[in-house]
Structure formats: C-alpha cells, structure tokens
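Only one structure is covered here, and it is reproduced in the block below.
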Amino acid sequence: MTIDSNNKFSASKMFIIFIDIIVTLYTYITLPIYMWIQNPRKIIDESKKIRAKKIDPTDIDSPWIGIHDDPVLKNTIIDNCDTLVDFIREHSQYFPNENPAIGYRHVLYEYFENDQDGRRIKKRKLSDHYQWISYGQMWERVTRIAHGLRLSGIDRREPVVILCETCAEFLMMQFALARAGLIQVNVYATLGESGIAHAIRETKARYMFTSWDLLPKVRSTIVNYDLNIEKIIYLRRRAQKVSQEILDNEKCFTEPIGHCDLIPFDRIELIGQCYADRNHSNEPNEELCQPLDKDELSLIVFTSGSTGLPKGVQLTSKQVIHSIPTAWSAVPELVADGTNQVLAGFLPQAHIFEAIVELAFLAFGGRIGFASPLTLVDGAPGLAPDTQSDLSILRPTIMMVAPLVLKRVQAQIYKKLEARSSIHVPLFDYLINYKLRWTHKGYNTPLLNRLVCSKISGLFGGNLAKVIAGGAPLSPRLQAFCRMAMNTNLVQGFGMTETCGPVLCMDRHDLSYGRSGPPLLNVYARLADWTEGGYRRTDSPCPRGELLIGSKTHWNGYLNLPKNTDEGYLKDEKNGIHYVRTGDIVQIHPDGTLEIIDRKKDLVKLANGEYVSLGKIESTLKNCNYIDHICVFGNGFANHLVGLIVPNKEKLNSLAVNGTKSMNRLKEMIWKLMQETGLKCGLKLVEIPLQIEIVLDEWTPDNEMLTAAMKLKRNAIKKRYHNVIADMFTINSNNGDSHGR
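Under the numbering used here, the first residue of the sequence shown is numbered 10, with each subsequent residue one higher.
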C-alpha cells in the first residue's frame, strides 16, 4: 500500500510537471495577444486606486469616508423617501407595475427519508419553474394585508413578532406592517425557545407571524414560558401533497393554544380584499392604515445572541430607507442595469444584512427569487430525486452568502475530485493557482474558465456576476479559492444589526483578499485606540484600532438596555455624527480599505503576556477540510491554547476506513492536519492549539452551541464542556507537547 501510494504520488507529480511545461509554453506564446486584448494595465490601475480618504488628514480623530462618484448613485427614487410607505409610493410611479418582483417555487410533494447518518431529512419535489409576482400585484397584496391586520383587531403601534423562514410572504408582511402603522419585530427562526420568549417579553408583543413548519416551536415556547400571545398569523403548509408520516406528525399543528387565535395568512389577506370590494377601491385607507412617522420606532431587530441573550436593536423607518443608497454603493454596476438583475434570497430575512439588500434590490427594479438552503444547489439534502436545484432554475446574477456556505462549496468540490482519481486534486489546485497568479496581474483566463470553472459556476446557475460574503470573517485563502473556482466577483462586506445593514464592502476592481473594503456611501469610519491590545491609530504603516461606524442619522440604541446603549454608542457633538462601537479591530490600508484583524472580545492574554485572537485562529483553522467547527480557549495561567473540534464526519469516516480506528490516533492525525493548515495560512506556532478534543456532538442553534447566525456561542460551549477544557489544560501543563494525545 505504501509503495503504491508513493508511486501514485510520483506519477501525479510528474504529470503536473508535464502539464506545467505545456501551460507555460502556451502562456508565453499567447501572452502578447492577451496583453493587447485584455489591457491588464488598466485593471491593475483600477485595483490600486484610492477608495477612501480622511475628511481632515491633519486630525487624528477625523473619520474616513468612501469615494463614491458613480452617477447611478445620484438623483434616485430614494431621494424623496423617508419611510417604507414613501418607498412604495415612489416605486409604483417609477417602475412598470407589470415587472416581475418576487418569485418562488411550488412544493409539489414532501416526504421524509433517512440520510447516511440515519437522520430523518425532509425531501421536496419542486416545480421546474419560478412563479413570479409583479410589482403591481405585490403592492396590491401589501395593501390588502395591511387592511386585514388592522381590521382583525391589531391596533396602531402594536409590535408584531415575525418568526419565519425566508420567503416572499415575509417581505410582503414587512411592507404591510409599515403600511398599517405597526412595529415589526425580527426574530431569527433558528433561535431557541428561551431567545424567542425573551424577545416577546422585551417587546411586550401580543401578535406573531410565523410559518407552518415553525408552529410546533411557537406552541412550545408559548406554553413553556407562559407568554401572553393573542393572535398567531401563520402560513399554511406549502406542499400540495405530503406523505402519511408528515400528515400524522402535523395533526396537532393547528390545535388551540390557550386563548390564542390561530389565523391563516390568506384569511388576513381575504379580510383586506373584502374591505376593498366593499369600498370599490384597492387604494390604502389612510385613516385605517396610518403609517408611523419617519423618526418613530418602526423596527426592532434582535441580534443572534453570541454573548448572551439577544439584544433588540431599535430602528426607525428613516434609518432603514437611508440604508438603501448605502447598500447601492456596494454594487453600482448592478444598479445601472437594475431591471435585468436577479437576487437569490435564501439568507435569514430576520438578519438586517439580507433585509436591507432585498429592499435595495427592489429599489432599482430587480427581481428576488426566494430559495432554501436545503434545495439551493445540486446535491442539497432537501432535494428529491430528479428535482432541479433553486439556483439552476433561477440563474441569479448576485447572491449574498455566509462564509460557511463557501466552505461547504469548497468541500463538495474536493469531494467530487477525490472520487475521480488521485490526479484530479493536484491538477485542479495547479490550475486554480495558475488562474490566481495571472488574475493578480490583471489578466483573465477564458480558456480555463470555459474548460474548468464553467462546471462549478453552473452549480450556481452560470450567471453570477457578484457574490457578497458577510455575517462572519471570510479567510483570504477561502475567498481566493472560491473567487477563482466560481469565476465570479466574490467580495467581502461588513455590517451589524446596530449599523442597520452593510457599511463596508469591497468593490469589483479590488484584487485583494481578506479585506472588507472602504466605507460605503453616507458611512463614517474612525478608529479608537485600544492600548491594552496594542492597537493604536498612530501605528505604521497602517493605522489600527477599534472600528467605530458613524452616521448622520440618530441611533436609538438597544431596547430596555440603557447601560449597553451608553457603552455601545457615542456622539461626535462637533460634527453631528452618531457612532456605534463595533468591537472589531481593523487596520486601514493606504488605499483606504479596511481589514478586520481582531475582535476585542476574542482577544486572550496568555501567561507570558502575549495576546492571541481566538476568532482569527478559529476562522483560519476552519480552512482544514477535516474541521466543521472549532472553538479555541486560552487563559492567563498557560502559554498555550486548547481547542474543541467538531470534525467533518465524512472526512473522519474516511480516516477510519483507511485503518485508523483509535480515537487517540484520529485525534493526532487531525491535529497534524490542523497544524499544517494553520502554518500554511500564516498562523504562528503559539496560535495553534497544543491540545485538542474531538467532539462528536452536533453544534446547532437548537442545542444553543451556535447562534441563529451560525456563530459560536463561546460561553455556552465553555459551560457545557467545562471539565473537558480544564482537563486539556491540565494535560498540557503535565506533559508539555502532548499534541492532542
């Protein structure tokens, strides 16, 4: 076996050398042609342009602003809007009402099936096309829903909790709440019962909007926490037909919950339709549906709760609307051709990033096709046999993704390559590195794109012009790989619930990796020294410090948390700018782009006085294909780190199949692979956990090991595995370099 493996390795290596000779000859023979056709100098010049500047270069406290001079960002329909109701009015006058706005696929059949681990997975047979709702139809439905809400007894200014998966009805309900003068409360659908109950109690909400699949969780939360909910508006089951097993499981879904009324969503719309028929008008009744003022509280968005209970961020309609041109400035090339753009909507709409991007997309006349992570791409776990994926039918031009999605894409690519032959992985790596090298010099690689990358981009519909990653740090290595393999403009953005959406984003000309780009339109960015961590604005060559994000719009802070509001927000009285403390440590490059390098809450001081960033380490080590999740710990009594690893089960099984049965041996092998990845990605030896423990439990939002945004809940993990973590530090202190054994 060893000799055979070595022969395969030698054969692979010799083959790559042979390919390299041919490719090098082809490259330099055709280089003059590519140089003449592609004009790489122009691309390089664009990549090196200044993207942000200080308002006052002589003032260390002066904020940075992005340079946005694209004409499509001037004189827009948003200029005359301060509320979502203004948005509806202006939009209906600006764009043809027959243009398609939002789309979805019909669910034809649902059933359960066991996956390879024995878990029950819901499979869906879907229609082979998208059903589109026009802008005119959407605005009419929004009016009917708004009338239905008020006529069903919900008073103006009442908070309504939305606990629902991403769908077209979520978006229409959002507009309807604004139209009816109600307060929207966004809660992650993946949040645990305690988090949901907390949000309901904090807002004193008596009304909820949810989906069919979430009714059991809603019922359980109301009963277990004795919540005073009066009405639950729910979406009926989407599937036209389901298996007997599902029918049996769902028998109790619509049984009474105490004194609470269960009202189907379509009945609310029907109430509004009957009202319109009686009045012979589809126009909104301004007396019945009086919108909230632009500066009134209109939206409460609960965070995912990575450091404890979710916090409710208070936002006004004016803040939401003014975030739209900010989002536009991230994609000016798409705004100019808005009506031909298609967005794949599958990230949680409860997340402010997705919510603002969807509004921005509608504002320039684009289409949003709603999808599910379970049916998104070919091979997705929720797809029934012979069912096309959402993206293959939708063929979006842009999509937002979390880094976790990109990591899964990378893993699937390598899984398919490894299944073919031993030569496919090194050959693919060689070609991707070749493309990366020449792309950085300003060249395109059309032949490689057509022969190799087109198959990968085809998984996403083959029409992607831009992918924006956000929600968690994206490692430079993963960004480079996916940008090359997917053959699209993959950029990274940054935003927070507290900043009401995206505030930083790379532009399409930026050839760097791992940065978050310059401040977007109407955003002010400044730094604050953090001397304890060794970050100062006077650092050279790049100023460093905690990032503060500012706006001319007043921040309203956290609901019922005045102390947290005072700590997290501040105002520059001199310039009238309101700032949010992000807790992220950034450095500002000479071209004005920002790079997140640390997070204050993730920095740990070791016994030798050295600071290490746990978040940066975890993000880097997740590049190892054998790791699904990793949580790293350090303390002031040790000079080293330890880590808990949730392994990739397929990779773990492959090690076991190849003869490694002992858990200690598996642990040691994963530690070595992890160390190799860390060093290759630039981590120092001290930043790599000296001791690891393999955790076979799943980490999910349901067991509260992850937040609803799929981030680690470090405190919860530490509490659950307290003894294991303590033992790892003890082992290391007794045995020096035990390397995970």
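The beta carbon of each residue, even a glycine, is placed where N, CA and C say it ideally should be. Bear in mind the structure is a predicted one, so any value in this text is a computation, not a measurement.
How long is the line joining the alpha carbons of residue i and residue j, rounded to whole angstroms?
i	j	result
leucine 694	glutamine 684	8 Å
aspartate 70	serine 290	56 Å
alanine 339	glycine 267	48 Å
cysteine 90	valine 227	36 Å
arginine 188	arginine 166	11 Å
glutamine 146	isoleucine 154	12 Å
aspartate 124	asparagine 657	15 Å
leucine 487	threonine 547	31 Å
isoleucine 30	arginine 459	21 Å
asparagine 16	leucine 436	Low per-residue confidence applies at asparagine 16: pLDDT is 46, beneath 50, and the placement is therefore not dependable, though the value from the model is reported in the following sentence. Cα-Cα distance, rounded: 17 Å.
glycine 451	tyrosine 35	18 Å
isoleucine 586	asparagine 531	11 Å
aspartate 581	asparagine 108	44 Å
cysteine 551	histidine 598	6 Å
asparagine 569	arginine 210	11 Å
glutamine 249	serine 136	11 Å
valine 386	glutamate 696	35 Å
lysine 614	alanine 177	47 Å
leucine 766	asparagine 617	With the chain running from 10 to 750 in the structure shown, residue 766 is simply not present.
isoleucine 205	leucine 308	16 Å
glycine 691	tyrosine 635	19 Å
proline 105	proline 405	21 Å
histidine 563	threonine 263	43 Å
valine 651	isoleucine 734	7 Å
valine 704	alanine 647	23 Å
serine 431	arginine 674	24 Å
asparagine 485	lysine 22	Before going further, note that residue 485 is proline rather than asparagine in the sequence given. Taking the straight line from one Cα to the other gives about 26 Å.
For residue i, write down the residues that DSSP places opposite it in a beta bridge.
i	result
histidine 638	Val655
lysine 7	In the structure as shown, the chain begins at 10 and stops at 750. Residue 7 is therefore absent and cannot be evaluated.
tyrosine 764	One cannot answer for residue 764 here, as it falls past the ends of the chain, which runs 10 to 750.
lysine 580	His587
proline 7	Within the shown structure, residues of the chain are numbered from 10 to 750, placing residue 7 beyond reach of any answer.
isoleucine 266	Cys269
glutamate 702	Leu653
phenylalanine 379	Gly354
glutamine 323	Ile309
glycine 526	Leu603
glutamine 421	Note: glutamine 421 sits in no beta bridge, so no partner.
phenylalanine 503	Leu513
asparagine 498	Lys475
alanine 61	Gly75
Ordered along the chain, which non-local residues of its own chain (more than five positions away) have a Cβ less than 7 Å from that of residue i?
i	result
alanine 389	Leu383 and Ser398
threonine 219	Leu172, Cys173, Val227, Ile241 and Tyr243
methionine 181	Met147, Arg150, Val151 and Ile154
threonine 11	Low confidence applies here, because threonine 11 scores a pLDDT of 35, under 50, leaving its location unreliable; read the following figure in that light. Counting only Cβ-Cβ distances below 7 Å, and skipping sequence neighbours, we find nothing.
tyrosine 284	His156 and Leu160
glutamine 419	Leu487, Phe490 and Cys491
threonine 508	Ile558 and Val589
Cutting at 8 Å between CB atoms, please list the residues of its own chain near residue i, excluding the five before and the five after it.
i	result
arginine 729	Met714
lysine 609	Trp539, Gly542, Glu555, Gly592, Asp593 and Ile594
leucine 413	Ala481 and Met719
glutamate 4	Since the first residue of the chain shown is 10 and the last is 750, residue 4 is not available in this structure.
threonine 602	Arg60, Ala61, Met515, Asp519, Ser521, Arg524, Ser525, Gly526 and Pro527
aspartate 13	Residue placement at aspartate 13 is flagged as unreliable, the pLDDT there being 41, under the threshold of 50; the coordinate-derived value follows with that caveat. Cβ within range, chain order: n/a, list empty.
Within the same chain, show all residues whose beta-carbon is closer than 6 Å to that of residue i, passing over the 5 residues directly before and after it, in chain order.
i	result
serine 101	Trp148
isoleucine 46	none
valine 310	Asn195, Val322, Ile361 and Thr506
proline 168	Ile192, Val194, Thr212 and Ala214
leucine 318	His207
aspartate 246	Checking the sequence shown, residue 246 turns out to be arginine, not aspartate. Closer than 6 Å at Cβ, skipping near neighbours: Trp221.
Confirm the yes/no value for this check: CB of residue i, any heavy atom of the ligand NAD, distance under 6 Å.
i	result
leucine 445	No copy of the ligand NAD occurs in the structure displayed, which carries no ligand at all.
Hey, is residue i's beta-carbon within less than 7 Å of any beta-carbon in chain C?
i	result
alanine 735	No chain C is part of this structure, which consists of one protein chain only.
Item to check | At least 3 beta-carbon pairs within less than 8 Å: the region 124 to 135 vs the region 359 to 377 | outcome: The region 124 to 135 vs the region 359 to 377: no contact.
Checklist entry - For the region 42 to 60 against the region 438 to 456, are there 3 or more C-beta pairs whose distance is under 8 Å? => result Verdict: yes, contact present.
Checklist entry - Touch check for the region 493 to 503 and the region 531 to 546: three-plus C-beta pairs under 8 Å? => result The region 531 to 546 and the region 493 to 503 do not touch, with fewer than three beta-carbon pairs separated by less than 8 Å.
Item to check | Secondary structure, alpha helix (DSSP H): runs of 4+ residues fully inside the region 339 to 372 | outcome: Segments of the alpha helix (DSSP H) lying fully in the region 339 to 372: 341 to 344 and 361 to 372.
Checklist entry - Which full runs of the beta strand (DSSP E) of 3+ residues lie inside the region 275 to 321, going along the chain? => result Unbroken beta strand (DSSP E) runs of no fewer than 3 residues, entirely contained in the region 275 to 321, are found at 306 to 311, following chain order.
Next on the checklist: Across the region 551 to 569 and the region 631 to 643, are there enough close Cβ pairs to call them in contact, namely three or more that are closer than 8 Å?
Outcome noted: Flag = no, the region 551 to 569 and the region 631 to 643 do not touch.
Next on the checklist: I'd like the ranges of any alpha helix (DSSP H) spanning at least 4 consecutive residues and lying wholly in the region 85 to 136.
Outcome noted: If we require 4 residues or more, the alpha helix (DSSP H) runs fully inside the region 85 to 136 come out as 93 to 103.
Item to check | the region 697 to 710 touching the region 732 to 742, judged by at least three CB pairs closer than 8 Å | outcome: With the cut-off at 8 Å, the region 697 to 710 and the region 732 to 742 touch.
Checklist entry - Between the region 329 to 349 and the region 81 to 99, are three or more C-beta pairs nearer than 8 Å? => result Verdict: yes, contact present.
Checklist entry - With contact counted as at least three CB pairs below 8 Å, one residue from each stretch, are the region 270 to 287 and the region 462 to 477 in contact? => result At 8 Å Cβ cutoff, the stretches do not touch.
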